[in-house]
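Below you'll find the structure, written out as structure tokens, and then a few comments.
Numbering (the working numbering), first residue to last: 728 to 1553.
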């Protein structure tokens, strides 16, 4: 295959270049057919696994209770003297302007406003006062009474939650909420949230400093930052690569060809992505938040293929000695023929390592794997066709003009590298076992450290660093336990039975009791069958309640704690349904097929994913029925699910990637060299590096999140690249060398030197991710650079001793079953 490819390039390099140009044009035509449908921006919802219980529960809620689906909260954060009468009036007026705005009003739910202002209004109303006219002294008196009166304990707790004070008793800030739902129009809901920001920004709210926090704004801010950073990151990466290649190549044309090759690789990748997007095959989401990583990764990974081809080409030119005649053609033929196999194996296993992300339950990760895998294969094609063909055209012209060719090996351009690598090779051949022993000790220590690795995933991971949203989220975490959200609890069971009604009644009463409900539940359910019932049988004295004495009397005939029969349960449900059909349909759904459904919407304030997971566990434990009957959605339930599933998902992905790489290498070395064990030897250093990387994550305090988890695939992709090149070159040299030391020295000083140049280029290129707008992407950039360093160390210190032992064993076998008169020569 590669000899045929080499002949095509030797004979018709210009035709090869024309073919590359034609393919580029065809792929870029994908942008003409790409049709991205309008959809709300949601950085976290895209991670919801399609077949998870959470996804099924969310779909069930949308089917049975549309008003409870797509709930979003507009959080109004006020700083300053928030408990002054004038300040309260400013926030109340702002809430009114937002809820009555034409773009927002249709998405506002019943009893949509919550937070410290409605609590204070209720306290004032109970005392016969009105916020519109109350003075500061009157307000202070009301708040003072609320702080000491036992019957107002719940209101006081609400004030402490939504208007916390510092140690001196001064209010820190005030948090108000407006609850919206999508009303079947997710795009409209997104616009409504953004409109709330516009209203707040245009309002005169001095002396308060007011910020509005919504998911739509944070998602929009994140998308704009990702888009603007894409070209910045690519530009910085290309500049870094240009500087390094100039130092390694020492010729402008080689640098230019590598850069053009990288640009073509990126164009091919996004061209294929366009064909696979909506309007084309509709297989990937072009708005995937992880796609911004692909160009920088490709620049870092695929430059290695150019370095390997160019490095081998220069070696061949140097071996020719005479640069006249068709020395460039012969050198290109040798470079493509002998580098083609290791470059293909490296690119193939790297692509497979990305594509195995298709096993991930998270769609953005799977899409990223597809696009990155396509990018790596594109890079292989471009670097093994365009680069040698263009190099051949240029060098033939130089020869025709009588100019000298650049024949200095790439490894020789790094001062002192050759001597150091030669000494390392000698030490490895002499003492392979002690070196392997040291590697084992380091691996064990790294494995122990990895046990304490943090696994986290949070909304602010997708918020640009230094943005207003990030600052607000951090303020909420510090002062309001992470801000406010709503969890919707779905119960799917036969609601006509005594057992289920008892469980539902106990569950509701626990959630309404501040002393019994879990910490993190901010108040009683805002919507539920129990809430609806209480509204009809209790006289709150508040305007707008549904208290009906006749209904309350009829309902009092039943004992809600102990029902005599299921028939009475059905009669009780019918009584409530007939009293308020519209309200009943919003919280209860009796279904002809499948279990009945009911929901409880609970306000929550929790700080951190650990607290969210704990709250979900406690809420599930409160349900007296079967565990399969309850599912908790909303709030941080998705983040909790992602955190829970992340490790299991990556274990599957790493296992598949490692097995795929192992199978490829075992088959290759078994079929071509009749030495399948070489496949295992080549993959062992990669397994070692995986453990080292996890230990490094612990040492660097980098969490194992949805983005940094990709490092496992990158480790295999990067590491196998290095080990394949070294193994392949060692086999060539070992066949031609009498002594193993000579073969190892030649391998380390030629291919090893090129790998050193490649590693430096790749690591520094990927460090440009430190300029990314999102923390996980910056962490991935740093971690990838560390991974490259560790992969190179493993390629130089773990693989060579294994190859030496393998070569000694096989030479011993040949001598043992041959003449038997000589010992293997190290």
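Glycine included, every Cβ here is placed at the ideal spot set by N, Cα and C.
Does the separation of the CB atoms of residue 1116 and residue 736 fall below 8 Å?
Taking 8 Å as the Cβ cut-off, residue 1116 and residue 736 qualify as a contacting pair.
Nearest-angstrom Cα distance between residue 1174 and residue 1425?
Each residue's Cα considered, the two are about 10 Å apart.
Can you tell me whether residue 827 is buried or exposed, with buried defined as 16 or more other CB within 10 angstroms of its CB?
The residue is exposed, with fewer than 16 neighbouring Cβ atoms inside 10 Å.
Looking at C-beta atoms only, is the number of pairs between the segment 1152-1169 and the segment 908-918 that lie closer than 8 Å three or more?
Counting Cβ pairs under 8 Å, fewer than three are found: no touch.
Going by DSSP, name the residue or residues bridged to residue 1214.
Answer by DSSP bridge pairing, in chain order: 1329, 1361.
Is the beta carbon of residue 1195 less than 8 Å from the beta carbon of residue 938?
Yes, the pair counts as a contact, with Cβ atoms nearer than the cut-off.
Give the DSSP-derived three-state secondary structure of residue 1050 in the structure shown.
At residue 1050, the pLDDT of 48 sits below 50, so the modelled position is not reliable; the number obtained from the coordinates is stated separately. Residue 1050: coil per DSSP, three-state reduction.
Residue range of the beta strand (DSSP E) that residue 937 falls in?
Here the beta strand (DSSP E) through residue 937 covers 936-940.
Pick out the complete beta strand (DSSP E) segments inside the segment 872-936, 3 residues or longer, and give them in chain order.
901-907, all fully within the segment 872-936.
Can you grab the Cα-Cα spacing for the pair residue 903 / residue 1266, in whole Å?
Each residue's alpha carbon lies about 26 Å from the other.
Quick check on this structure: which residue in 1002, 1498, 1314, 739 has the alpha carbon closest to the alpha carbon of residue 759?
Here the closest residue by C-alpha is 1002.
Can you give me the Cβ contacts of residue 1402 inside the same chain, cut-off strictly under 6 Å, excluding the 5 residues immediately before and after it?
Once the five neighbours on either side are set aside, the close Cβ partners of residue 1402 are 1396.
Per the contact definition of three or more C-beta pairs closer than 8 Å, is the segment 1437-1452 in contact with the segment 1202-1210?
Flag = no, the segment 1202-1210 and the segment 1437-1452 do not touch.
Going by DSSP in three states, residue 1336 sits in which element: helix, strand or coil?
Residue state, collapsed to three classes: helix.
Check whether the segment 1054-1069 touches the segment 1435-1447, counting contact only when three or more Cβ pairs, one atom from each stretch, lie closer than 8 Å.
The segment 1054-1069, when compared against the segment 1435-1447, does not touch it at the 8 Å Cβ threshold.
Look at the Cβ atom of residue 1334, then the Cβ atom of residue 1218, and state whether they are nearer than 8 Å.
Against a cut-off of 8 Å, the Cβ pair of residue 1218 and residue 1334 comes out as no contact.
Who are the Cβ neighbours of residue 889 in its own chain at under 6 Å, not counting the five residues just before and after it?
Excluding positions up to five away in sequence, the list reads 842, 843, 902.
Using 8 Å as the cut-off, can you tell me whether the segment 1523-1540 makes contact with the segment 1488-1502, which would need three or more C-beta pairs spanning the two stretches below that distance?
No, the segment 1523-1540 does not touch the segment 1488-1502.
Take residue 1273 and list the residues in its own chain whose beta-carbon comes closer than 7 Å to its own, dropping the five residues that flank it on each side.
If we look at residue 1273 and ignore the five residues flanking it on each side, its Cβ neighbours are 1262, 1263, 1307.
Could you check where the alpha helix (DSSP H) with residue 1484 kicks off and where it finishes?
Start and end: 1467-1493.
Residue 864: buried (16+ other C-beta within 10 angstroms of its C-beta) or exposed?
Flag for residue 864 reads exposed.
Sorted by chain position, which residues of the same chain lie with C-beta nearer than 6 Å to residue 1050's C-beta, five sequence neighbours on each side aside?
With a pLDDT of 48 at residue 1050, under the threshold of 50, the predicted position of this residue should be treated as unreliable, and no value is reported.
Taking the alpha-carbon of residue 1056 as reference, which of 1065, 1067, 1044, 1066 has the nearest alpha-carbon?
When each option's Cα is compared against that of residue 1056, the closest is 1044.
Would you mind reading off the limits of the beta strand (DSSP E) that contains residue 842?
Where residue 842 is concerned, the enclosing beta strand (DSSP E) stretches over 835-842.
Looking at residue 1036: is its Cβ nearer than 8 Å to the Cβ of residue 1114?
The answer is yes: Cβ separation under 8 Å.
Taking the CB atoms as reference points, tell me whether residue 1086 and residue 773 lie closer together than 8 Å.
Contact: no.
Please tell me whether residue 1446 and residue 1413 are closer than 8 Å, where the distance is taken between their beta carbons.
In this structure, residue 1413 lies closer than 8 Å to residue 1446 by Cβ.
For residue 955, does the count of other Cβ atoms within 10 angstroms reach 16, so buried, or fall short, so exposed?
So residue 955 ends up on the exposed side.
So, is residue 1095 buried or exposed, given that buried needs 16 or more other C-beta atoms within 10 angstroms?
Burial call: buried.
I'd like to know whether the C-beta atoms of residue 920 and residue 837 end up nearer to each other than 8 Å.
No, they are not a contact pair.
Can you find the residues in the same chain that come closer than 7 Å, C-beta to C-beta, to residue 971, ignoring five residues on each side of it along the sequence?
Excluding residues within five positions, the ones whose Cβ falls inside 7 Å are 1487, 1488, 1491.
Per DSSP, what kind of secondary structure is residue 1205 in: helix, strand or coil?
Of the three classes helix, strand and coil, the one that applies to residue 1205 here is helix, per DSSP.
Going by beta-carbon coordinates alone, are residue 1493 and residue 1518 separated by less than 8 Å?
No; because the gap between Cβ atoms is not below 8 Å, this pair is not in contact.
I'd like the span of the alpha helix (DSSP H) that includes residue 1090, first residue to last.
Unbroken alpha helix (DSSP H) run through residue 1090: 1090-1127.
Would you kindly work out how many angstroms separate the C-alpha atoms of residue 1456 and residue 1462, rounded to a whole number?
If you take the alpha carbons of residue 1456 and residue 1462, they lie about 10 Å apart.
Can you grab the Cα-Cα spacing for the pair residue 1032 / residue 1068, in whole Å?
Rounded to the nearest angstrom, the two C-alpha atoms are 11 Å apart.
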